[in-house]
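Have a look at the structure below, then the notes.
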Amino acid sequence: MNSYIGVKENVKVFFYQDRIIIKNIYSDAYFIVGKEVGFILYLISKNKRIDELIENIGYLYDIPVSKAKDILFKTIELLKDYIEISDKEFKRGEILLDFEDLKLCRTFKDLKQKSEYPTEIVLYLTKHCIRNCLYCKEKAVTDNGIEKDNFFLDIDRLEALVNEQRNVTDWVLTGGEPLLHPNIIQISRLIKRRSNAKLSIATKGVPDLQIIKLLCDESLIDCFCFSLDSIQPDTVNYLSGSETTFSDISNCIKLVKDAGIEININTVLTTKNYLQINDIVEFCKTNQIPKINFLVAEEKGRCRDFLLLNNEQILFCKETIKELAIRYHQYTMPVLKVKDKFNNCYNCSNLYNRLIIKYDGSVELCNGKYLGNLDGNTIKNVWDKFAL
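Quick note on full-length UniProt numbering: the sequence shown kicks off at 1 and runs consecutively.
As structure tokens, this is what we get:
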């Protein structure tokens, strides 16, 4: 029982509002706990060995060692994706808790895991795109025939959603290519002027810089998240199926950077670019881009089999990104989003706060679970109808 214990190196524990957050800093996944588990985490931060920890739990709770041991191992089971146990010393993550935090923290019973309303809404404005990415998860429309039903065009319905969702802290516009939406300026104005939420847009850039310039000039977008799969033009253009993609993205990034607006980068990892992770992170460091989301290509939609990473290659990506996150965390934070234990989707509280709305009005959770359609419904009706 003299094994060492602590939170994993990629974990940060801190108090926020009335709860304790356990965050995977390499993937952005997080887990919410209350006062009871928070107290055990506080003790873990003060005791490196399991036997000492059990002894202290028994003393502070005034219970036998057997019951103290039971409490500890139930906590370890609950937090198994975040806790590490080893026969030798290891590098731990951060537990930033004190007694004042524990006093202010609510019990788990009093905490609502599921928000009354979602706090983040991801709105797919269109399935139309001018690229033909080899790894695309969607069967996006890329020809010249832009059909009306390829767009979320119902401005009245969107206005009702914005008015309803006063508690939303983050809106994300995506697609397809959201900058192709004929009403992108109107939609952005609506969200920014009717709410205090942060508005982000995920884009692969467009040739027409006037759209970007208008969004920047009116300060309508708080963060542009550009999809950049390499800093090598040939790789970007090959993966996107377009000879202009790299130059379009580069021009857009320069314009947004000159406007002083936050930039993030999305990179989809495939067999063609996974060895370029270092270069992409260095690019973000040099250009003062604070965050890079690395996503692993999935076997969906149009994704070609030869682009899919095998387990060994995914492990290489994890280790590389982990090392770079430690080295560059003061400048830029690379995170890896891949659906396995590393990403902690199973134990991630984003599920209780994030809602996806597709261009056709269908509503999903971030894990892909279908909740319903907005036709004749408010978001609250859809949100409340389904148990999580």
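Beta carbons: idealized from backbone N, C-alpha and C, even for Gly. Computed from a prediction, not measured in an experiment: that's the story for all the values here.
Fully enclosed alpha helix (DSSP H) runs of no fewer than 4 residues occupy 277-286 and 311-328 of the stretch 260-346, in order along the chain.
Separation of the CB atoms of V281 and P233 is rounded to 18 Å, and the pair is thereby denied contact status at 8 Å. A straight line joining the alpha-carbon of E319 with that of G368 spans about 27 Å.
Nearest to L41 by alpha-carbon distance, out of V65, Y30, S66 and K12, is K12. Under DSSP, no beta-bridge partner is assigned to E55.
Between N10 and Y30, the gap from beta carbon to beta carbon reaches 7 Å or more. Non-local beta-carbon contacts of N2 in its own chain, meaning distances under 6 Å to residues more than five positions away in sequence, involve R49 and D51 in chain order.
DSSP lists K23 and E94 as the bridge partner or partners of K12. Exposed is the label assigned to F14, since fewer than 16 other Cβ atoms lie within 10 Å of its Cβ. In the three-state scheme derived from DSSP, where H, G and I count as helix and E and B as strand, F224 is classed as strand. Listed in chain order, the non-local C-beta contacts of L125 below 8 Å within the same chain comprise F151, F152, L173, T174, G175, G176, P178, H181, I184, I187 and Y359, local neighbours out to five positions each way being set aside. Closest in C-alpha terms to N237, from the list G205, S219 and D217, comes G205. By the neighbour-count criterion, in which 16 or more other beta carbons inside 10 Å mark a residue as buried, H329 falls on the exposed side. Taking C-beta atoms as the reference points, F294 and L336 count as a pair closer than 7 Å.
Taking every protein chain shown into account, the CB of D248 has 16 or more other CB atoms within 10 angstroms, so this residue is buried.
Secondary structure at Y238: helix, using DSSP grouped into helix, strand and coil. Taking every protein chain shown into account, the CB of G376 has fewer than 16 other CB atoms within 10 angstroms, so this residue is exposed. The C-alpha of K74 lies about 42 Å from the C-alpha of F224. The alpha-carbon separation between D154 and I292 amounts to approximately 32 Å.
Within 10 angstroms of the beta-carbon of S227 lie 16 or more other beta-carbons, which makes it buried. Collapsing the DSSP output to three states places S219 in coil.
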